[in-house]
Structures are given as structure tokens and as C-alpha cells.
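Numbering (my numbering), first residue to last: 539 to 761. Cβ coordinates follow ideal geometry from the N, Cα and C atoms, glycine included. In this text, all values refer to a predicted model and were calculated from it rather than measured experimentally. The structure under discussion appears below in the form of C-alpha cells.
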Amino acid sequence: MIIDQLHDFNFSFSEAIKLQNNLASKIIREDQPLDVKLIAGVDVSIGRQGSTGRAAVVVMHYPSFEIAASSVYEGEVNIPYIPGLLSFRELPLIIPTIERLNVVPDLFIVDGQGIAHPRRLGIASHLGLFTGKPTIGCAKSRLCGEHAEVGMHVGDSEFLVHGDDVIGKVVRTKKGCKLIYISIGHRISLETALNWVLKLCKTHRLPEPVRQAHMAAGRYGTQ
DNA sequence: GCGACAG
DNA sequence: ATCTTGTCGC
Numbered sequence: 539m540i541i542d543q544l545h546d547f548n549f550s551f552s553e554a555i556k557l558q559n560n561l562a563s564k565i566i567r568e569d570q571p572l573d574v575k576l577i578a579g580v581d582v583s584i585g586r587q588g589s590t591g592r593a594a595v596v597v598m599h600y601p602s603f604e605i606a607a608s609s610v611y612e613g614e615v616n617i618p619y620i621p622g623l624l625s626f627r628e629l630p631l632i633i634p635t636i637e638r639l640n641v642v643p644d645l646f647i648v649d650g651q652g653i654a655h656p657r658r659l660g661i662a663s664h665l666g667l668f669t670g671k672p673t674i675g676c677a678k679s680r681l682c683g684e685h686a687e688v689g690m691h692v693g694d695s696e697f698l699v700h701g702d703d704v705i706g707k708v709v710r711t712k713k714g715c716k717l718i719y720i721s722i723g724h725r726i727s728l729e730t731a732l733n734w735v736l737k738l739c740k741t742h743r744l745p746e747p748v749r750q751a752h753m754a755a756g757r758y759g760t761q
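Structure representation (C-alpha cells):
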């Protein structure tokens with residue numbers, strides 16, 4: 539399985555890229571039959587020394603926004619941060635966190651890119667292949683791609699384009715705040731992904747489940 | 001060769 | 001991501 543490839547991964551730059559290209563071809567970019575009642579936000583914090591980390595997943599009921607479940611998991615981080623290879627660093631912490639939840643989320647929103655990635659396999663997409671569930675990539679900054687200037691009003695957005703591909707949407711979810719980068723993770727369309735994010739960003743810049751997960755992950759190693 | 005570069 | 005205080009604006 540994919541999880542073995544990841545766990546026993548003898549870190550090699552070229553092998554990692556081959557694996558990503560392989561997995562990227564399995565990503566489904568269209569909507570799947572989907573009845574969303576439980577939405578999960580996923581985030582990871584890294585310790586000062588950079589050798590340990592804490593993953594957090596917070597699951598909320600929709601549309602009540604009540605917290606249905608949450609889970610945190612701490613462990614060693616063996617791979618350094620390398621732009622484009624984030625999933626190899628964080629998924630080993632995220633997977634166990636999700637396995638410890640007492641509910642099964644219908645939709646995952648991950649703090650990072652989906653297909654808005656050089657090889658179309660950001661961490662949200664990679665996670666989608668693990669869970670088999672619909673996932674959305676919601677990043678706070680750009681990894682690749684270009685876009686027109688985005689208006690200053692809430693809801694204003696522009697397509698994120700890389701080469702000949704539309705890889706995501708850049709959107710202003712809060713007045714005068716930085717943009718966020720939305721992309722397909724897996725088993726969902728870009729339009730649907732953006733709609734969900736907008737519905738979950740009523741009060742803050744980031745989708746509520748992701749914001750909650752970010753707070754739950756806290757600042758690891760600082761306490 | 002040089003710059004860019006999720007978290 | 002993390003290191004860090006106060007401060008300006010919605």
C-alpha cells in the first residue's frame with residue numbers, strides 16, 4: 539500500500555518525485571457522490587529543534603459547526619522541509635491522527651496545497667489517496683503557478699495557472715487580508731472546493747475546521 | 001547558472 | 001513551520 543511506501547521510504551529525491559508523478563495520475567478532479575455532514579480540518583506544528591511535531595485534526599458538524607471530534611498525535615519528524623515534498627514530512631504524523639478519530643469525516647480540508655503543486659500532488663492530494671475521501675487543499679501562500687491580481691473585496695478570486703493547467707483558485711476570504719490558495723485535493727471539483735471554503739470562512743480568513751486544527755496543534759515544543 | 005520555494 | 005512586542009486597522 540501507499541502507506542508502506544511512505545513509512546519505509548528511504549529518502550531519495552528522485553524516488554520521491556517518481557512516486558509523486560505516479561500517485562498524481564490517480565487523483566480524481568471531479569465531484570463524487572457526497573453528502574457532507576462531518577468536515578475535518580488538518581494541520582501540523584513542528585518543534586523548535588525541528589525533530590518532533592504534533593498533528594491535529596478537528597472534525598465539525600455541518601452546518602451547525604459544532605465540534606464532533608478531534609485528535610492530536612505527536613511523533614518524530616524525520617524528513618526536512620523541502621518545497622514540493624511536504625507530504626513526506628507531515629503525513630506520517632497526520633495519518634495516525636486520523637486513525638485515532640472516533641468518527642469518519644466526509645470531507646478533509648488540509649493546510650497546504652492539493653494539485654497546486656509542481657507535480658500535482660500536494661499534501662492534500664496525497665492525503666486524499668490515503669483516506670479515499672474528498673480532500674481540499676487550502677494554503678496560506680503560493681507554491682507554484684501564477685494569477686491575476688485579486689480584488690480587495692471578500693469573495694474576489696482569480697484562477698491559479700501553471701503551464702497550461704488551471705491548478706487552483708486564489709481567493710480573498712477576509713477584507714484586507716492575505717489571499718488563500720484553494721485547490722482540488724482529491725475526489726472533488728475546483729468549483730465545489732471553493733464553495734465549501736467560502737461557506738466555512740464566515741468569520742475568519744481560514745476555513746473554521748482548519749483554524750480549529752491549527753489552534754489544537756498549537757506551538758509544539760514551546761510549552 | 002540563478003531565483004523561487006506549501007509548511 | 002519557528003523566532004517574537006507592540007501596534008494599527010476592521
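Beta-carbon contacts of residue i that lie in its chain and below 6 Å, excluding the five residues immediately before and after
| i | result |
| --- | --- |
| Leu777 | Any property of residue 777 remains undetermined from this structure, which presents the chain solely from 539 to 761. |
Residue burial classification, residue i (beta-carbon count within 10 angstroms, cutoff 16)
| i | result |
| --- | --- |
| Thr635 | buried |
| Glu604 | exposed |
| Tyr619 | exposed |
| Ser602 | exposed |
| Ser552 | exposed |
| Glu568 | exposed |
| Ser663 | buried |
| Gly714 | exposed |
Same chain, Cβ closer than 8 Å to residue i, neighbours up to 5 away in sequence not counted
| i | result |
| --- | --- |
| Lys712 | Val692, Cys739, His742 and Arg743 |
| Gly683 | Ala654, Leu698, Val699, His700, Ile705 and Gly706 |
Nearest-angstrom Cβ-Cβ length linking residue i and residue j, presumed shorter than 8 Å
| i | j | result |
| --- | --- | --- |
| Val641 | Val597 | 6 Å |
| Gly652 | Gly660 | 5 Å |
| Ile633 | Phe668 | 6 Å |
Cutoff 7 Å; reference residue i; Cβ partners in own chain excluding five residues on either side
| i | result |
| --- | --- |
| Val574 | Tyr600, Asp644 and Leu645 |
| Asp581 | Ala594, Asp649, Val748, Ala751, His752 and Ala755 |
| Glu614 | Ser589 and Thr590 |
| Ser583 | Gly591, Arg592, Ala755, Gly756, Arg757 and Tyr758 |
Helix, strand or coil at residue i according to DSSP, with G and I counted as helix
| i | result |
| --- | --- |
| Lys716 | coil |
| Glu729 | helix |
| Gly756 | coil |
| Ile632 | helix |
| Glu746 | helix |
| Gln761 | Model confidence at Gln761 stands at a pLDDT of 47, short of 50, so the residue's coordinates are unreliable; what they give is reported in the following sentence. In the structure shown, Gln761 sits in coil (DSSP, three-state: anything other than H, G, I, E or B). |
| Ala662 | helix |
| Ala654 | coil |
| Lys707 | strand |
| Arg592 | strand |
| Thr669 | helix |
Examine the Cβ distances between the region 660–675 and the region 689–702 and report whether three or more of them are shorter than 8 Å. no
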